[in-house]
Amino acid sequence: MHILEKKIRDAAAEGRTALIPFVTAGYPTPETFWNVVTELDAAGSDVIEIGVPFSDPVADGPVVEAASVKALENGVTLHGIIEGLRDRRGAFRAGLVLMGYMNPFLQYGLEKLARDAQEVGVHGLIVPDLPYDEAADMRAALSAHGLALIPLVGPNTSEERMKLYADVSDAYVYVVSVMGTTGERKSLPPEVTDVLSRARRVFSLPVALGFGLRAPGQLAMLPDDLRPDAAVFGSALLRHIAEGKAPADFIRAWRA
Amino acid sequence: MKKGYFGDFGGRFVPELLMPPLMELEEAMKDILPSETFRKELDDLLKNYAGRETPLTFCPGLSEKLGFELWLKREDLLHTGAHKINNTLGQALLAKHMGKTSLIAETGAGQHGVATAAAAARLGMKCTVYMGAEDAERQSANVRRMRLLGADVVAVESGSRTLKDAINAALRAWISLQKTTHYCFGTAAGPYPFPDLVREFQSVIGREARAQMLERTGSLPDYVVAAVGGGSNAIGMFSAFVPDASVKIIGVEAGGTGEPGCMHSAAINLGRPGVLHGEYTMLLQDDDGQILPSGSISAGLDYPGVGPEHAHLAAAGRVKYAVAYDHEALDAFQTLCRVEGILPALESSHALAYVLAHAGDFEPGSRVLVNLSGRGDKDMDIVEKALGL
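Top to bottom, those sequences are chains A and B. With the numbering used here applied, the first sequence covers -10 to 245. With the numbering used here applied, the second sequence covers -18 to 370.
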């Protein structure tokens, strides 16, 4: 079992939804970012997704895009993120995932990325602009170092396409709740139950739900058998941090 | 070759949520484009609405000066003033046959936006155009034209507030709107099948020009030259001549001011391969893979990437990609106005500029065909400002 799957299964064994916060690297400032990660980890995050900033983030809504722009202005780079992780190797209890667009990863070099990421304690990657059809090289590079390439599926992903991903994926499947970009919504759209049940049928991996989440109550609306194993939240957390509130408080509300 | 690729370049690097509409479009291309009904309707629109076929103009004055024959393919005479309408009529009609009711589009200078708005109006479809906020300010006349044609214009405030950000915004919008909406992509770039689709609709330029040259001169041209931003007018012209081994083909990228370290749009000459807007192609980017802002006096060439087929034609050595600078384009603009009485777009002026600035490289007595992709009325303010008129 991949270590990221184990982190999520362990939460389930405790009878709770696993928590996966997303924070853009260098947010809110390059100096305080690692404190944010440390705090999220200590507050009981199961997996932490670190956003690698990109100049042209097509899958992101305004909050994550703005965080990405700010990070780039502050000189945040993939090399810097890897070095930051190297300095803190072994310091985090949570699983670690890098989430970012293809080009910065490609320019870093896929082989080197896989090797360095493994060395500094990263367990997997999420690449929103890398669909199944283009992912063979990345997947081969990562799996040689035990890293997962976590698939993203959404309300318009057919069972057939989900099967393509299911056959080659490990760790967890990230289910996008809305036909849109990242960013919190008041409520989950009704079609989320369809995509969740399709994902449950096709994948034996844990299901993480994201895009649009902001409060635990949103999950309570779902039928018991369709509750995701993990919840991912990004924009709502970034806003929480921007308002000067403690990252740990956000996690605590979800763990309560 | 891998599906959707030209050599090493192309592909579709998009969120999974955009794969279904791209696959739907790919199917529609197979089913609808070859049908008799579609061909007839499109031919009628191109002929009786847009003004095809466009003339092939011999330039006697410039030819005498240059010592070789200069011929122009007159896409500037099309409805809405540029080749863009070939593509938007094709895509709008295809979208209508697919059952879509709305179009979205990105635009830089506004030419593709205007051409999409016109096609949408003509075919009774709704239209929303995404335009970088900075472009919307400096090309306000085109914003007004689009609005008159019934389109909603969304000024995009994110990123560098220019064309690349408009494409990001349109891709994001398409995720939500895909059921009812076709994304009418403006250039021969983006995720597969857009490079194929746009070339298909623009290839009418090269087909006509090739036949016209044969009819008028009894032979093929020795050189074919076109400006390359994203590369739609160029691929439309080049595609007919790529199989003709005797024809030398030259694509001209925008070099900006030419000062050391200046902003430019020469992705093939000065960029490196990478992924942007759904394709693997030549890009202006820094060492970390962040996309760099491009620059050119020609808004229509001002883009940090290039269509993947051009990247391939360059790598394969079939097409030579050269650079023309702002001041050379301005010179060519003025020369064509005065010597031939034609006011060219600054985009097309780059193609012409290369020919004028490198006249010595062309065989004396040879025939040079330049794609005059658009007319220059839209550039009056920019040109007058640059020339201090």
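Just so you know, even glycine gets a beta-carbon here, dropped at the ideal spot from N, CA and C. All values derive from a computational prediction rather than experimental measurement.
The Cβ neighbour count for residue 243/B, taken over all protein chains shown within 10 Å, is under 16; the residue is labelled exposed. Neighbourhood of residue 98/A in chain B, by CB distance below 7 Å: empty, with the nearest CB roughly 10 Å away.
By alpha-carbon distance to residue 58/B, the top candidate from 45/B, 30/B and 233/B is 30/B.
Close to residue 256/B, with beta-carbon spacing below 8 Å, are these residues of chain A in chain order: 90, 91, 92, 95 and 118. Here residue 88/B is near residue 110/B, since their CB atoms are less than 7 Å apart.
Setting aside the 5 residues that flank it on each side, residue 238/B is surrounded in the same chain by 307, each with a C-beta closer than 6 Å to its C-beta; the list follows chain order. Here residue 30/B carries a helix assignment [DSSP, helix/strand/coil].
Look at residue 181/B: its C-beta is not under 7 Å from any C-beta on chain A. Interface criterion met: the Cβ of residue 145/A is under 7 Å from a Cβ in chain B. Here the region 199 to 216 of chain B makes contact with the region 345 to 363 of chain B; the two share three or more CB pairs at distances below 8 Å. The alpha-carbon of residue 168/A is positioned some 14 Å away from that of residue 185/A. With respect to residue 39/A, residue 10/A sits apart: the two C-beta atoms are not nearer than 7 Å.
Each residue's CA atom was taken as its position, placing residue 347/B and residue 43/B some 13 Å apart. Our two residues, residue 71/B and residue 137/B, have alpha carbons roughly 26 Å apart in a direct line. In this structure residue 137/A touches residue 159/A by the C-beta definition: roughly 5 Å separates them, less than 8 Å.
For residue 356/B, the closest C-alpha among the options 280/B, 63/B and 96/B is that of 63/B. Residue 108/A sits in a helix when the DSSP states are folded into three classes. DSSP links residue 207/B through a beta bridge to 232/B.
Apart from the 5 residues on each side of it in sequence, residue 250/B sits with its Cβ closer than 7 Å to the Cβ of 234, 302 and 304 in its chain, given in chain order. The three-state secondary structure of residue 83/B, taken from DSSP, is strand. Between residue 61/B and residue 99/B, the beta carbon gap of about 5 Å places them in contact (Cβ cut-off 8 Å). Among the residues of chain B, those whose CB is under 7 Å from the CB of residue 168/A are -2, 156 and 157, following chain order. Residues of chain A with a Cβ closer than 7 Å to the Cβ of residue 231/B do not exist; the shortest Cβ-Cβ separation is about 29 Å.
Residue-level contact check: residue 92/B does not touch chain A, since none of the beta carbons of chain A fall below 7 Å from its beta carbon. No Cβ of chain A is located within less than 7 Å of the beta carbon of residue 214/B.
Boundaries for residue 42/B: no beta strand (DSSP E) harbours it, while the alpha helix (DSSP H) harbouring it runs 41 to 47, taken from the DSSP string. Residue pairing by DSSP places residue 50/B opposite 348/B in a beta bridge. Here the region 88 to 101 of chain A makes no contact with the region 20 to 34 of chain A; the two share fewer than three CB pairs at distances below 8 Å.
Interface annotation for the region 24 to 45 of chain A against chain B: 42, 43, 44 and 45, criterion Cβ-Cβ distance under 9 Å. Remark: C-beta atoms of residue 173/A and residue 216/A do not approach each other more closely than 7 Å. Taking a contact as a CB-CB distance under 8 Å, the pair residue 248/B and residue 90/B does not count as one, their CB atoms being some 18 Å apart. In the DSSP assignment, residue 314/B falls outside any beta strand (DSSP E) and within the unbroken alpha helix (DSSP H) covering 307 to 316.
The continuous beta strand (DSSP E) containing residue 254/B extends over residues 253 to 257. At a C-beta separation below 7 Å, residue 67/A has these neighbours in chain B: 269. If you ignore the 5 residues before and after residue 84/A, its C-beta comes within less than 8 Å of the C-beta of -8, -7, -4, 35, 36, 37, 112 and 113, all in its own chain and listed in chain order.
A residue is called buried when at least 16 other Cβ atoms come within 10 angstroms of its Cβ; residue 157/A does not meet this threshold and is exposed.
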